[in-house]
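Take a look at the structure set out below.
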Amino acid sequence: MSTTAASPAHSLARLALVAVLSAACWLAWMGWDTQYQVDPATGDATGPYEAWQVIGCAVSLVGVAVLAVRLLGAGWAVPVVAVAFTLAWVGTSAPSDESGLWAVGAVLVLLGTAVGTVVVALVVRAVRRRGRPRHDAA
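Residue numbering for the sequence shown follows UniProt numbering, beginning at 1 and increasing consecutively.
See the structure below:
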């Protein structure tokens with residue numbers, strides 16, 4: 001990231017890019033899948049998500065979080081990634097939930113995404129610090 005301040009339009013474009021990519025992680029990997037799988041032998045239902053979807057979503061969201069920290073800084077990356085991802089989740093979960101528990105799920109998704117983005121931000125910061133040359137006093 002450059003040391004010069006970005007224009008307001010440029011900053012808004014960065015925020016929008018991160019928000020769209022965060023929401024896209026949910027929508028592309030898991031937002032479309034509502035089908036539960038039923039084991040014919042036991043009758044047990046699993047899903048609706050498969051392991052590959054969850055892993056793909058998580059890896060993609062980590063990539064978006066790294067980009068967000070680099071473009072926006074941790075102070076903006078955490079709320080933008082968490083809120084955009086959660087809103088995408090709410091958009092696909094709330095309409096089909098008859099119990100009203102989607103709100104509890106939304107809080108859990110928001111908190112989990114925020115904590116995950118904080119962890120990514122800490123790792124990015126540690127890697128950046130490690131990559132800087134040391135200036136030891138002689």
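Note that CB positions come from ideal geometry on N, CA and C, so glycine has one too.
**OP:** Look up residue 38 in the DSSP assignment and give the residues it is bridged to.
**Re:** Per DSSP, 45.
Subject >> Exposed unless 16 or more other CB atoms sit within 10 angstroms - verdict on residue 14 >> reply: buried
**OP:** Tell whether a beta-carbon distance below 8 angstroms holds between residue 65 and residue 77.
**Re:** yes
Original post:
To which residues of the same chain is residue 2 closer than 7 angstroms at the C-beta, ignoring the five residues directly before and after it?
Top reply: At residue 2 the pLDDT is 47, less than 50, meaning the model places this residue with poor confidence and gives no usable figure here.
**OP:** Determine the closest residue to residue 90 out of 125, 68, 49, 105, with distance taken between C-alpha atoms.
**Re:** 105
Subject >> Contacts around residue 167, its chain only, beta-carbon distance under 8 angstroms, and the 5 residues preceding and following it disregarded >> reply: With the chain represented from 1 up to 138, any question about residue 167 goes unanswered, as that position is not in the structure.
Original post:
Looking at the unbroken alpha helix (DSSP H) that takes in residue 94, where does it start and where does it end?
Top reply: That residue, residue 94, is in no alpha helix (DSSP H); it is neither H nor E in DSSP.
**OP:** Grab me the residues of residue 11's own chain with a C-beta within less than 6 angstroms of its C-beta, minus the 5 sequence neighbours each way, in chain order.
**Re:** none
**OP:** Decide if residue 103 is buried, meaning its Cβ has at least 16 other Cβ atoms within 10 Å, or exposed.
**Re:** exposed
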